[in-house]
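*Asks:* Here the protein sequences line up with chains A and B, keeping their order.
Plus 198 on top of the position in the first sequence (first one is 1) and you've got this note's numbering.
Plus 198 on top of the position in the second sequence (first one is 1) and you've got this note's numbering.
C-beta: ideal position from N, C-alpha, C; glycine also.
Remember, predicted model here, so these are calculated numbers, not experimental data.
There are 2 protein chains.
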Amino acid sequence: MVNYKVIAFDADDTLWVNEPYFREAEDQFAKLLSMYETENKIQQELYKVITGNIPLYGYGVKSCILSMVQCATELSNNQLPAEITQQILEIGKEMLTKPIELLPGIVEVLEYLSKNYTLIVLTKGDLLDQEKKLERSGLLTYFHHVEVMSEKNPEGYERILKHLDILPQDFLMIGNSLKSDVLPVLKIGANAIHVPFHSVWKFETVSKKALENHQYKTLTSIGEIVDFL
Amino acid sequence: MVNYKVIAFDADDTLWVNEPYFREAEDQFAKLLSMYETENKIQQELYKVITGNIPLYGYGVKSCILSMVQCATELSNNQLPAEITQQILEIGKEMLTKPIELLPGIVEVLEYLSKNYTLIVLTKGDLLDQEKKLERSGLLTYFHHVEVMSEKNPEGYERILKHLDILPQDFLMIGNSLKSDVLPVLKIGANAIHVPFHSVWKFETVSKKALENHQYKTLTSIGEIVDFL
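1) Would you kindly report the start and end of the unbroken alpha helix (DSSP H) that includes B:Ala209?
2) Of all the alpha helix (DSSP H) runs that stay within the bounds of the region 324-362 of chain A, which reach a length of 4 or more residues?
3) Under three-state DSSP, which class holds B:Ile220?
4) Mapping DSSP to helix, strand and coil, what is B:Val404?
5) State the Cα-Cα distance for the pair B:Glu292 and B:Ile386, rounded to the nearest angstrom.
6) At a CB-CB cut-off below 7 angstroms, which residues of chain A make contact with B:Val346?
7) When DSSP builds the beta bridges, which residues end up paired with A:Thr321?
8) Note down, in chain order, each residue of its chain lying with its Cβ closer than 8 angstroms to the Cβ of B:Ile318, except the 5 sequence neighbours on either side.
9) Interface residues of chain A around B:Asp267 at Cβ under 7 angstroms?
10) By how many angstroms is the C-alpha of B:Glu299 removed from the C-alpha of B:Val215?
11) Taking Cβ to Cβ, would you say A:Gly258 is nearer than 9 angstroms to A:Gln328?
12) Anything in chain A within Cβ reach of B:Leu294, meaning under 7 angstroms, just list it in chain order.
13) What would DSSP say about A:Phe395, mapped onto helix, strand or coil?
14) Just grab the DSSP bridge partners of B:Gly373 for me.
15) Looking at the structure shown, is A:Lys229 part of a helix, part of a strand, or coil, going by DSSP?
16) Ordered along the chain, which non-local residues of its own chain (more than five positions away) have a Cβ less than 8 angstroms from that of A:Ser378?
17) Going along the region 271-282 of chain A in order, which residues come within less than 7 angstroms of chain B, judged by CB to CB distance?
18) Does the separation of the CB atoms of B:Tyr245 and B:Leu273 fall below 9 angstroms?
19) Going straight from the alpha carbon of A:Lys406 to that of A:Ala388, what length do you get?
20) Using DSSP's beta-bridge definition, name the partner residues of B:Leu300.
21) Where do the N-terminal and C-terminal ends of the alpha helix (DSSP H) with A:Gly290 fall, by residue?
22) Using beta carbons (cut-off 9 angstroms, strictly below), is A:Glu329 in contact with chain B?
23) Starting from B:Asp379 and walking both ways along the alpha helix (DSSP H), at which residues does that stretch end?
24) State the DSSP-derived secondary structure class of A:Thr271, mapped to helix, strand or coil.
25) Within the continuous alpha helix (DSSP H) that includes A:Pro253, where are the two ends?
26) For A:Lys313, which of helix, strand or coil comes out of DSSP?
27) Output needed for B:Leu326: all residues of its chain with C-beta closer than 7 angstroms, excluding positions within five of it in sequence on either side, in chain order.
28) Measuring straight from C-alpha to C-alpha, what distance separates A:Asn374 and A:Leu320?
29) Can you check whether the C-beta of A:Lys250 is within less than 9 angstroms of a C-beta belonging to chain B?
30) Report the rounded CA-to-CA distance for B:Asp210 versus A:Asn238, giving the unit in angstroms.
31) Measuring straight from C-alpha to C-alpha, what distance separates B:Gln242 and B:Ala270?
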């Protein structure tokens, strides 16, 4: 039994639904361009453009939309009608204003944990969008600190723990991504709990090999965290 | 004479050149669309689209480019050739990879002040872009903390001071924007120094009336800060 002082939550697909909206957006995109290519090929090309642009654009809706515009002009051999460009921009604006759909049980868990632990949010993505989602979620009241990270790597977690003056052994991270929420946290000597979400972005998946010799707990739903702690 | 504990610097146009690159980008944009409208009209429309999108997109290069794409399709009555869309995306990529041009005297000032004060950076804009600019600038070593804010308003400053455990009277902000770096800081009871930069984005200007009854120091160059303190 460990007595954690700070418990950090990932946001997208841990507190609320996110990934399915990106999948929907990609489907809409593929349909918009269906006169040029098969939907399968369009999705593959889009994935290449989005991940290729991550070093430059980072994560989040705005980056995704910029990559969609680029991918669309490329797939159309520079014949893309401006109307479709407009529709791609609309996909992005819709994503940025979507109501927040909390995951089941999340309010009860936060309500319970906030009495005994300092809770924080560590999310990656676009600064303004993540802040606005937290506001819309109504969950801000449970969190002592919110940090949007440009990348969830060990260095990023280390910097935050140092900044918040927390020792790794006092810190627990909870999230749906093995790549972003679990492995880098274990690497700095802290603990992590994996709560899988049914939809995972291909870019966030890790090989079985990468998980070997790592100890972390997997829960099937966020509600189990209360019993576990 | 006040003994500040923490001195915060704005980044864009305080530590390094920024605004002229946005002006250049707008000029390039206007030239790209010169078959549709006068450059003056194009600049005016772009300003409307960019500022209209701030609540949704926030600040920074990616937001600016998304607004440029929108504005271009609108100005062209949805006739925009895909090639021009591509060129707009290129303007953005160029902005995101531009070498950093430090303002004169900045290294000496940081070198000197870092011996006697805790220095931090408070900037607004895109998270990843600002972090990467700081890295490229070589100035990271001088700063104890870097925070990218989605909006520089009194609430934002208050949250940061609380989070860093600093009293307003121990805090000094230095920046080029009266609207973002000076007025909101005075409002929370802290001090601010204005170091104007020759190029100011129209959106950052404030009326004379808004400045009435406010006490802050204006320096003509960042180097004067050493004598002032």
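*Replies:* Here's the rundown:
1) As a first step, residue 209 of chain B is located in the second sequence; it is residue number 11 there, counting from the start. No alpha helix (DSSP H) contains B:Ala209, which DSSP labels as neither H nor E.
2) 325-335 and 352-361
3) On the second sequence, position 22 is the one that residue 220 of chain B refers to. Note that residue 220 of chain B is Phe in the sequence shown here, rather than Ile. Looking at B:Phe220 - three-state DSSP - the assignment turns out to be helix.
4) Here residue 404 of chain B refers to the residue found at position 206 of the second sequence. Here B:Val404 carries a coil assignment [DSSP, helix/strand/coil].
5) Here residue 292 of chain B refers to the residue found at position 94 when the second sequence is read from its first residue. Here residue 386 of chain B refers to the residue found at position 188 when the second sequence is read from its first residue. Rounded to whole angstroms, B:Glu292 to B:Ile386 spans 38 angstroms at the Cα level.
6) If you number the second sequence from 1, residue 346 of chain B lands on position 148. Leu325, listed in chain order.
7) Walking along the first sequence from the start, residue 321 of chain A turns up at place 123. A:Thr321 is bridged to A:Val346.
8) As a working note, residue 318 of chain B is residue 120 in the second sequence. The residues are Val204, Ile205, Ala206, Phe207, Phe341, His342, His343, Val344, Glu345 and Leu362.
9) On the second sequence, position 69 is the one that residue 267 of chain B refers to. Residue identity check: residue 267 of chain B is Val in the sequence provided, not Asp. The contacting residues are Val267, Thr283 and Leu287.
10) Along the second sequence, one-based indexing puts residue 215 of chain B at 17. Along the second sequence, one-based indexing puts residue 299 of chain B at 101. Going by the C-alpha atoms only, they are around 6 angstroms apart.
11) On the first sequence, position 60 is the one that residue 258 of chain A refers to. On the first sequence, position 130 is the one that residue 328 of chain A refers to. Contact: yes.
12) Taking the second sequence and counting its residues from 1, one reaches residue 294 of chain B at position 96. Within chain A, the residues near B:Leu294 are Leu254.
13) On the first sequence, position 197 is the one that residue 395 of chain A refers to. Correct three-state label for A:Phe395: coil.
14) Along the second sequence, read from residue 1 onward, the residue named residue 373 of chain B stands at position 175. DSSP output for B:Gly373 lists B:His392 as bridge partner(s).
15) Translated into the one-based positions of the first sequence, residue 229 of chain A becomes position 31. Helix.
16) Translated into the one-based positions of the first sequence, residue 378 of chain A becomes position 180. Asp208, Lys322, Lys350 and Glu402, listed in sequence order.
17) Thr271, Ser274, Asn276, Gln277, Leu278, Ala280 and Glu281
18) Here residue 245 of chain B corresponds to residue number 47 of the second sequence, with the count starting at 1. Here residue 273 of chain B corresponds to residue number 75 of the second sequence, with the count starting at 1. Not closer than 9 angstroms, so no.
19) As a position in the first sequence, residue 406 of chain A is number 208, starting the count at 1. As a position in the first sequence, residue 388 of chain A is number 190, starting the count at 1. Roughly 21 angstroms separates the two Cα atoms.
20) Walking along the second sequence from the start, residue 300 of chain B turns up at place 102. For B:Leu300, which the question treats as bridged, DSSP gives the partners B:Trp214.
21) Position 92 of the first sequence, counted from the first residue, corresponds to residue 290 of chain A. Here the alpha helix (DSSP H) through A:Gly290 covers Ala280 to Thr295.
22) Locating residue 329 of chain A in the first sequence gives position 131, where the first residue counts as 1. With its beta carbon less than 9 angstroms from one in chain B, A:Glu329 belongs to the interface.
23) Numbered from 1 along the second sequence, position 181 holds the residue referred to as residue 379 of chain B. Premise fails: B:Asp379 is in no alpha helix (DSSP H) and is neither H nor E.
24) Position 73 of the first sequence, counted from the first residue, corresponds to residue 271 of chain A. Reduced to three states, the DSSP call for A:Thr271 is helix.
25) Here residue 253 of chain A refers to the residue found at position 55 when the first sequence is read from its first residue. Glu237 to Tyr255 is the extent of the alpha helix (DSSP H) around A:Pro253.
26) Mapped onto the first sequence, residue 313 of chain A falls at position 115. Coil at A:Lys313, not helix or strand.
27) On the second sequence, residue 326 of chain B is found 128 positions in, with the first residue counted as 1. Correct list: empty, nothing qualifies.
28) Position 176 of the first sequence, counted from the start, is the residue given in the question as residue 374 of chain A. Position 122 of the first sequence, counted from the start, is the residue given in the question as residue 320 of chain A. C-alpha separation (whole angstroms): 12 angstroms.
29) On the first sequence, position 52 is the one that residue 250 of chain A refers to. Residue identity check: residue 250 of chain A is Gly in the sequence provided, not Lys. By this cut-off, A:Gly250 is not an interface position.
30) If you number the second sequence from 1, residue 210 of chain B lands on position 12. If you number the first sequence from 1, residue 238 of chain A lands on position 40. Rounded to whole angstroms, B:Asp210 to A:Asn238 spans 42 angstroms at the Cα level.
31) Counted from its first residue, the second sequence places residue 242 of chain B at position 44. Counted from its first residue, the second sequence places residue 270 of chain B at position 72. Computed Cα separation, rounded: 12 angstroms.
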